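What follows is a set of notes on a single structure, which appears directly below.
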Amino acid sequence: SFKREKWLVAVDDDDDLAFDVDADCLAVVVGFASGRETTLEQPYPGGYELPATSATAPPKLWRQIGDVEDDLAVQVQFVLDDTTSSTKPTYRAATVFVATPVV
Numbered sequence: 029s030f031k032r033e034k035w036l037v038a039v040d041d042d043d044d045l046a047f048d049v050d051a052d053c054l055a056v057v058v059g060f061a062s063g064r065e066t067t068l069e070q071p072y073p074g075g076y077e078l079p080a081t082s083a084t085a086p087p088k089l090w091r092q093i094g095d096v097e098d099d100l101a102v103q104v105q106f107v108l109d110d111t112t113s114s115t116k117p118t119y120r121a122a123t124v125f126v127a128t129p130v131v
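Numbering (our numbering), first residue to last: 29 to 131.
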């Protein structure tokens with residue numbers, strides 16, 4: 029079994045919330061109260077295959093990085109940022125869930 033908790037997204041700069049839909053890898057750094065940090069990476073060869081324009085892009089995306097069987101899974105919800113003038117979809121991290129095994 030595992031425990032799933034909603035966590036806050038902490039960033040130094042609002043641009044850190046941006047998600048490049050053409051990226052071939054998504055990385056998340058998870059920091060714990062003990063001071064320990066873990067970096068998870070999820071490759072997406074060939075990008076995310078999303079629509080080329082914001083007008084046809086889905087309003088929300090969920091991506092999972094890691095696996096509970098490997099001790100840590102992070103699920104991130106990205107929301108379409110409709111405040112940009114770009115025709116290419118721009119997403120920002122909105123909600124994060126962290127799942128860890130219960131021992």
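Cβ atoms here follow ideal geometry from the backbone N, Cα and C, with glycine treated the same way.
All values derive from a computational prediction rather than experimental measurement.
Segment limits, beta strand (DSSP E) that includes residue i
i: E69; result: E65 to P71
i: V56; result: C53 to G59
i: K31; result: F30 to W35
i: T118; result: No beta strand (DSSP E) contains T118, which DSSP labels as neither H nor E.
Residue i classed as buried or exposed, judged by whether at least 16 other C-beta atoms fall within 10 angstroms
i: A101; result: buried
i: R120; result: buried
Closest by C-alpha distance to residue i, when choosing among the options
i: L108; options: I93, D98, L89 and V131; result: L89
i: S114; options: A85, D99, P71 and V131; result: A85
i: D99; options: V37, V58 and W35; result: V58
For residue j and residue i, believed in contact at Cβ under 8 Å, the rounded distance
i: K31; j: A122; result: Incorrect: roughly 22 Å between the Cβ atoms, too far for contact.
i: E69; j: A80; result: Rounded, the Cβ-Cβ distance is 25 Å, inconsistent with contact.
Contact with chain B by residue i, beta-carbon distance below 8 Å
i: D98; result: Annotation note: the requested chain B is absent from the structure, which comprises a single protein chain.
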